[in-house]
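The structure appears right after this line, and notes come after that.
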Amino acid sequence: MIHEDGVQIKTEKSNITTMMEFILLGFSYSPNLQWILFGIFLVLYLTILMCNSVIVLITRIDPTLQTPMYFFLNHFSILEICYVTVTIPRMLMDLLSQKGHISFFTCAAQMCLVLLFGGLECLLLAVMAYHRYVAICNPLHYGLIMSPQVCVQLVTASWVSGVPVVIGQTWQVFSLPFCGSTTINHFFCDLPPVFKLACGDTFVNEIAVYVVAVVFIMVPFLLIVVSYGKIISNILKLRSARGRAKAFSTCSSHLTVVVLFYGTASTTYLQPKPNQSEETGKLISLFYTVLIPTLNPIIYTLRNKDITVALRKLLSKLST
Numbered sequence: 001m002i003h004e005d006g007v008q009i010k011t012e013k014s015n016i017t018t019m020m021e022f023i024l025l026g027f028s029y030s031p032n033l034q035w036i037l038f039g040i041f042l043v044l045y046l047t048i049l050m051c052n053s054v055i056v057l058i059t060r061i062d063p064t065l066q067t068p069m070y071f072f073l074n075h076f077s078i079l080e081i082c083y084v085t086v087t088i089p090r091m092l093m094d095l096l097s098q099k100g101h102i103s104f105f106t107c108a109a110q111m112c113l114v115l116l117f118g119g120l121e122c123l124l125l126a127v128m129a130y131h132r133y134v135a136i137c138n139p140l141h142y143g144l145i146m147s148p149q150v151c152v153q154l155v156t157a158s159w160v161s162g163v164p165v166v167i168g169q170t171w172q173v174f175s176l177p178f179c180g181s182t183t184i185n186h187f188f189c190d191l192p193p194v195f196k197l198a199c200g201d202t203f204v205n206e207i208a209v210y211v212v213a214v215v216f217i218m219v220p221f222l223l224i225v226v227s228y229g230k231i232i233s234n235i236l237k238l239r240s241a242r243g244r245a246k247a248f249s250t251c252s253s254h255l256t257v258v259v260l261f262y263g264t265a266s267t268t269y270l271q272p273k274p275n276q277s278e279e280t281g282k283l284i285s286l287f288y289t290v291l292i293p294t295l296n297p298i299i300y301t302l303r304n305k306d307i308t309v310a311l312r313k314l315l316s317k318l319s320t
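The opening residue of the sequence shown carries number 1 in full-length UniProt numbering; numbering runs sequentially from there.
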């Protein structure tokens, strides 16, 4: 379907091509499924928006949810809305128009935001793991350590710390010379497929991407592992079986989200040159950009009695 070259400007003194436009192939290889895919992704996107908006609403207005745990969950839900909005609306537009033209600047902006929100999700998951560690392993000092000021500082640091790194990373990638094909075999401008269009020696750039991925994926992940190692050790020391079950239940939703997100994102970004095929990479990207954000609010609400009670209270107020 979409295989023609994008707009190009060639210099007279060089064979290197300055790209003014890329073409996202998306799911053009299955034209008969375009409308079905459009319907599925539209429903998933609206579900993500609705579920996360409800979580944001009830964690802000319900007095019983004005705690650090739900403060972090509130920001995590806001992040999920931003994260999916960077990719899914663009994918829906391409499925609807069956055209994948995207300008050089728009492609760079999309990649920058995807990397920013993805890195932020890693940091927020680490902050939430630290909160659970304090709550379970150091309950006597919980109020002092997790004061409102500290919570705001942790969230602000998570939002701000990745901005200069991601902007520098995106500039580094898009300052590379591009030549040959302008087609990106993906549904959004992601690092691996864009790298494949670059010509010349990209070894230094790939190492830089790998180092940043290690910092923003592996370092938070190690912090999460250490936190939960201490949490599990403390839980096992509890004499009450009911207490152990309650503590494990409190942590299970967060652990599920961590495993799902890190399991897919690390497969894509922790390899300087990914070995998986383009179609496999596209499928993995669907998991961490669409399917996991769909599951996250369900995981947090179904496993959390406070959220379900607050939601029932809200629905009863709306019905009356």
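Heads up, the beta-carbon is just placed ideally off N, CA and C, and yes, glycines get one too.
Excluding the 5 residues preceding and the 5 following residue i in the sequence, name in chain order all residues of the same chain whose CB lies nearer than 6 Å to its CB.
i: V155; result: H75
i: F22; result: G6, I102, C107, T182, I184
i: F71; result: C151
i: W171; result: none
Going by beta carbon distance, what residues of the same chain come within less than 7 Å of residue i, once the five residues before and after it are set aside?
i: T64; result: D306, A310
i: L37; result: F27, L95
i: T267; result: I284
i: C82; result: F117
i: F287; result: T264
i: W159; result: L120
i: Y133; result: S227, K230, I231
Should residue i go down as buried or exposed, given a rule of 16 or more other Cβ atoms within 10 Å for buried?
i: S77; result: buried
i: C199; result: exposed
i: H131; result: buried
i: N32; result: exposed
i: Q169; result: buried
i: F105; result: exposed
i: E80; result: buried
i: A157; result: exposed
i: Q320; result: Sequence inspection shows Thr at residue 320; the Gln mentioned does not correspond to that position. So T320 counts as exposed.
i: G281; result: buried
i: E121; result: buried
i: residue 349; result: Nothing in the structure corresponds to residue 349, since the chain is present only between 1 and 320.
i: S147; result: exposed
i: L25; result: buried
i: M128; result: buried
i: L140; result: exposed
i: L197; result: buried
i: G100; result: buried
i: G229; result: exposed
Please report how far the alpha carbon of residue i lies from the alpha carbon of residue j, in whole angstroms.
i: residue 324; j: S53; result: Only positions 1 to 320 of the chain appear in this structure, which leaves residue 324 out of reach.
i: V226; j: N205; result: 31 Å
i: I184; j: S175; result: 17 Å
i: R312; j: I61; result: 13 Å
i: K246; j: I231; result: 13 Å
i: T202; j: F178; result: 11 Å
i: I304; j: T256; result: First, the amino acid is wrong: residue 304 is Asn here, not Ile. Cα-Cα distance, rounded: 13 Å.
i: I217; j: I167; result: 17 Å
i: L315; j: L191; result: 43 Å
i: A241; j: I235; result: 10 Å
i: L318; j: L144; result: 37 Å
i: C112; j: G162; result: 10 Å
i: V219; j: P164; result: 18 Å
i: A126; j: L223; result: 6 Å
i: I48; j: V84; result: 8 Å
i: A208; j: V173; result: 10 Å
i: residue 389; j: I40; result: Residue 389 is absent from the model: the chain starts at 1 and stops at 320.
i: L295; j: T59; result: 19 Å
i: P272; j: E279; result: Because P272 sits at a pLDDT of 48, beneath the cut-off of 50, its placement in the model cannot be relied upon, and the following sentence gives the value as read from the coordinates. If you take the alpha carbons of P272 and E279, they lie about 18 Å apart.
i: A213; j: I292; result: 20 Å
i: A135; j: R239; result: 18 Å
i: M20; j: V258; result: 38 Å
i: Q98; j: V194; result: 20 Å
i: L44; j: W35; result: 14 Å
i: R244; j: Y142; result: 19 Å
i: L57; j: Y210; result: 37 Å
i: K237; j: Q149; result: 31 Å
i: C51; j: S233; result: 34 Å
i: T250; j: N138; result: 16 Å
i: Q66; j: H254; result: 19 Å
i: H153; j: F221; result: Reading off the sequence, residue 153 comes out as Gln, not His. Rounded to the nearest angstrom, the two C-alpha atoms are 20 Å apart.
i: L46; j: Y269; result: 27 Å
Ignore the nearest five residues each way along the sequence and tell me which others in residue i's own chain have a CB closer than 8 Å to its CB.
i: T87; result: Q110, V114, F187, F188, T289, V290
i: I55; result: L73, N74, S77, P297, Y300, T301, I307
i: L42; result: L92
i: L124; result: F72, H75, F76, L79, V155, S158
Write down every uninterrupted run of the beta strand (DSSP E) in the region 101-135 whose length is 3 residues or greater and which is fully enclosed by it, in chain order.
101-103
How about the region 79-93 and the region 250-267: do they share at least three Cβ pairs that are nearer than 8 Å?
no
Sequence ranges, alpha helix (DSSP H) only - wholly within the region 19-93, length at least 4
34-61
List, from N- to C-terminal side, the alpha helix (DSSP H) runs of 4 residues or more that fit wholly inside the region 190-276.
191-195, 203-213, 219-236, 241-269
Segments of 4+ residues assigned as alpha helix (DSSP H) that fall wholly inside the region 280-314:
292-302
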